[in-house]
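The sequence shown finishes on residue 738 if you use the working numbering, and the numbering steps up by one all the way, no holes. Glycine residues also receive a C-beta, built at the ideal position from the N, C-alpha and C atoms.
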Amino acid sequence: MAVAGNTLTASLSFLTKIGKMQSAGCLLCKIAREARGESTDGLADETHGHINRTGCEGMATTVTAAHHSIWRHLDESMHAAQKPKSKLKFVTLDKESNMSTLWRREEFLRICSKEELAEKAQDIEVVIPVKKSQETRDNLDPGSFFVNRFWDRRPDGLQSMRL
């Protein structure tokens, strides 16, 4: 249906173009904003790409849960297929961790100190655009915002080499 263009999202766009609808704005985002008592101005267009990513306010929880479920299955499958002599160790298999909690582990501290990693991470983080939802965090103080954003990152799956 998506390839043929005969879906609800394609229909909304068409109906907006011919003046039968006011907006092709995402209905799921509209419902989520109304539930929070927020303005529904500036809604993103309801497209397949929008709905299937966490940018859609109405689908974010579902998309994130599906993402985590898939990664958990992949991690478990790779772990189960791992050969006994492999030097890879799955370190995020049991639970989700952010970079801060991972760097409390001895095996990561052997790679580099938390301070060294924070210094390098800030160089990378400053070039990544800041999302609207993050703008008020730490008042965008470059001394703390970018480092804190890095430490809060949650890698999908992580492996380390056994030493």
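- Comparing alpha-carbon positions, the option among M634, E700, N723 lying closest to E621 turns out to be M634.
- Taking every protein chain shown into account, the CB of C631 has 16 or more other CB atoms within 10 angstroms, so this residue is buried.
- Distances from the CA of K662 to each of E682, P730, M674, S644 were compared; the closest alpha carbon is that of E682.
- Assignment of G630 by DSSP, reduced to helix, strand and coil, places it in the coil class.
- Residue environment analysis places A693 among the buried positions, since at least 16 neighbouring C-beta atoms fall within 10 angstroms of its C-beta.
- D698 has no beta-bridge partner at all, per DSSP.
- Cβ-Cβ separation between R724 and E700: approximately 6 Å, consistent with a contact (criterion under 8 Å).
- The alpha carbon of D698 has as its nearest neighbour, out of W678, F720, S672, the alpha carbon of F720.
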